[in-house]
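Step one of this worksheet: look at the structure below.
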Amino acid sequence: EPYNLTLENSGTRDSLCVSWNGGIGQRDDYVISLYEFGSNTALKQDVIGNQSTKYSFKNLISGRKYTIAVYARADSYNSTAANATEWTYPSKPINLTIENNGSLETLSVSWSGSDGQRDDYVISLYELGSTAKMKEEVIGHQFTKHHFHKLTPGQSYSVEILARAGPYNSSNAIGTGTTCKCEIGLL
């Protein structure tokens, strides 16, 4: 039976590498199966030689949780499968746009979700040039727009947005926007 099974994404969005110890005794080969977490239907399956203790699955979906099972075969007998679960990293949001739409105190933020899956987005607002976070919002994965209200007229702001999947964050998409300046009327 394989033991000390470890599953790593190595910071990638589309691959997982599994490794294990083979244990004592003879075996003909190993059977490695990939599942979407919670499913009993294998997405991919491969058979590798009995000297191998490492295998990589490529071209996976970003931000998804997978289970990998490994068992050894000898003649017509199968060992108990060893299992591990891991997420691929989520993809960074793309096409970030920040507009004031003529407003003195509101900025409208929009983006595209990129490929793959994600649990949610975290969007943060800063005054431009400052590292002090003014606002942070967690937004459901189905949304691609957000509005920041009650801002200062004529102020420039920086917006950062990232996607989260399981314990992992994508890299940040960063953009800037400026609210409209307050026009002083003539007397």
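Sequence positions in the sequence shown follow full-length UniProt numbering and run 1 to 187.
Virtual Cβ for every residue (Gly too), placed ideally from N, Cα, C.
Relative to the C-alpha of Y168, which candidate in V70, G38 and K92 has its C-alpha closest?
Counting from one through the sequence shown, the residue named residue 168 turns up at place 168. The option with the nearest alpha carbon to Y168 is K92.
E137 versus C180: straight-line alpha-carbon distance, rounded:
What you label residue 137 is simply residue 137 of the sequence shown in a count that begins at 1. What you label residue 180 is simply residue 180 of the sequence shown in a count that begins at 1. Going from the Cα of E137 to the Cα of C180 covers about 23 Å.
Check this for me: beta carbons of I61 and G116, under 8 Å apart or not?
Position 61 of the sequence shown holds residue 61. Position 116 of the sequence shown holds residue 116. G116 sits close to I61, with the two beta carbons spaced by under 8 Å.
Mind checking if S56 is an interface residue toward chain D, Cβ cutoff 8 Å exclusive?
As a matter of chain content, chain D is missing from the structure shown, which is built from one protein chain.
Three-way DSSP call (helix, strand, coil) for N169 in this model
Working through the sequence shown from its first residue, we reach residue 169 at position 169. Annotated three-state conformation of N169 is strand, per DSSP.
Contact defined as beta carbons within less than 8 Å: I believe S114 pairs with I94. What is the distance between those atoms, to the nearest angstrom?
To locate residue 114, count along the sequence shown from 1; it is residue 114. To locate residue 94, count along the sequence shown from 1; it is residue 94. 5 Å between Cβ atoms; contact.
Is R73 closer than 8 Å to R118 when the C-beta atoms are compared?
Within the sequence shown, residue 118 is the residue found at index 118, counting from 1. Within the sequence shown, residue 73 is the residue found at index 73, counting from 1. Contact: no.
Considering only residues of the same chain and omitting the five flanking positions on each side of K133, which have a CB-CB separation below 8 Å?
Against the sequence shown, residue 133 aligns to sequence position 133. Within the same chain, K133 has close Cβ partners S124, L125 and Y126.
Note down the Cα distance separating L187 from S156, rounded to an integer number of angstroms.
The sequence position of residue 187 within the sequence shown is 187, counting from 1. The sequence position of residue 156 within the sequence shown is 156, counting from 1. At L187 the pLDDT is 47, less than 50, meaning the model places this residue with poor confidence and gives no usable figure here.
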